[in-house]
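A.B. asks: Got a structure here, written out as structure tokens. Questions coming.
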């Protein structure tokens, strides 16, 4: 609501915002407002239909496929390392993650250093795995996938490795084979909750290559991070090697056009919300399957557009939000609450009869070393750096002469956000950098940094109100903070010491 109100107001009327720093703040605001306005213009988006998605996928297919090449005279196929890594890297660069996701996280063994991190992301079309065994649900999903691929790839299919006619039954058969592959992938993929509670471990690119030899790991990491990597370069795994062992077996048996189809389906799922109503609504029956509600009510368009900005221009939106709704005084106030909680825990530790003296000493050291990152990262207030980060995002109006509309700007934003995340591989880990959007209403404790993160979106009334009696803040946000402090001492948190 706050962001929507700000973006529907003239900058000159927003006296609380920081208008210094060479006018960069106003430029960021104008860019956000322009993207928001173009997102709100459903008529213009619907008029273009699926054409922007088709155009993007056509260019992608031409440069990325085929991902394997034939071996003569046997007729067998071998993965083309350059094309396969290029395919994944291109999709990753737009925050589209088939098979697994790559990010930069603190090294589990040395949290001050960044590490490439692999996550077996639950990026399936049917998030309820039981539906992959339900014939009625599968029939619905087959039809949705066939329709989505037809709308998005009409005219692109001739560039695929296995050319197919444009008859509906051909798309349906292809969809069934792709969904069958996805069902087998679902069987080995941990759920989102399992990923959240999984331990982090360190391996090397050599071990990954031994586990899943068809995936060109060296080439992928080199392409993504634009830096020299070797077989002994460390990689952080969320959940261990088991998933990649299962993935290797899947890749050994998957047919080429099915793998290509799965890559394309993953892209279409992510890009469809940016397209016209026909493609946008194609996945509606799947949402009905997952929610049990028919028809699924669409949220207000303004809510959708603010969500898009938060996900893809997060730091710029975060600065706008903090300038308007969160003060440095509030930041200091919640830090005082954290200190009060720490003192209370330290006083209580010696009275815990089930904890022996050596364990109590370790817990005390960990509490003494714990920190809080509240509200926002300091980097949020360097508008010049933010301007540089989003320099590649062109306001739709300014770029109208070159045919740039909401879809193209959305891709630019996705690329900028993805590049910003990957670039952290070149920086020491900053414990004050929030791993959550500034507007998030969730707190998070990271054992590897021994730090509690409470973003500005959470620190709003009624959770936290500066100036009200302290017992109310302790009873609301203080309870949230205490819960996460305790998680640093539980069965998982105890595996990390005061330094992570």
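Numbering (the working numbering), first residue to last: 1 to 500. Positions of the beta carbon are idealized from the N, C-alpha and C atoms, including for glycine.
1. Can you list, in chain order, the stretches of the alpha helix (DSSP H) that have 4 or more residues and sit fully within the segment 78–129?
2. Bridge partners for residue 236 per DSSP, in chain order?
3. Looking at the unbroken alpha helix (DSSP H) that takes in residue 333, where does it start and where does it end?
4. For the beta strand (DSSP E) containing residue 461, list its first residue and its last residue.
5. CA-CA distance, residue 422 and residue 450?
6. Is residue 372 helix, strand or coil when you go by DSSP?
7. Closer than 8 Å by C-beta to residue 190: which residues in its own chain qualify, once you throw out the five before and the five after it? Chain order, please.
8. Please confirm whether residue 106 and residue 448 have their CB atoms less than 8 Å apart.
9. Run through DSSP, which three-state label would residue 445 get?
10. Run the CB neighbour count on residue 445, radius 10 Å, all protein chains shown included, and call it buried at 16 or more, exposed below.
11. Which same chain residues, not among the five before or five after residue 279, have their C-beta less than 6 Å away from its C-beta?
12. Whole angstroms is fine: what's the gap from residue 102's alpha carbon to residue 117's?
13. Below 8 Å CB to CB, which residues in the same chain sit around residue 3 once its five sequence neighbours on both sides are set aside?
14. Buried or exposed, going by whether 16 or more other CB atoms sit within 10 Å of the CB of residue 428?
15. Between the segment 177–188 and the segment 108–115, are three or more C-beta pairs nearer than 8 Å?
16. List the residues that DSSP assigns as beta-bridge partners of residue 355.
17. Pull up the CB-CB distance for residue 204 and residue 241, whole angstroms please, since I reckon it's below 8 Å.
18. By the three-class DSSP mapping on this structure, what secondary structure does residue 9 have?
19. Determine the direct distance from the alpha carbon of residue 201 to that of residue 230, and round the result to whole angstroms.
20. Pull up the distance between the alpha-carbon of residue 64 and that of residue 209, whole angstroms please.
21. So, are the CB atoms of residue 81 and residue 219 less than 8 Å apart?
22. Excluding sequence positions up to five away, which residues of its chain have a Cβ less than 6 Å from the Cβ of residue 247?
23. Exposed or buried, which one is residue 29 when buried takes at least 16 other CB atoms within 10 Å?
C.D. replies: This is what the structure holds:
1. 81–92
2. 117, 202
3. 328–348
4. Taken as a continuous stretch (DSSP letters only), residue 461 belongs to no beta strand (DSSP E), as it is neither H nor E.
5. 23 Å
6. strand
7. 120, 122, 198, 239, 243
8. yes
9. strand
10. buried
11. 50, 151, 272
12. 6 Å
13. 306, 309, 310, 317, 320, 321, 439
14. exposed
15. no
16. Its beta-bridge partners do not exist; DSSP assigns none.
17. Not quite, the Cβ-Cβ distance comes to about 11 Å (not below 8 Å), so this is no contact.
18. coil
19. 19 Å
20. 22 Å
21. yes
22. 212
23. buried
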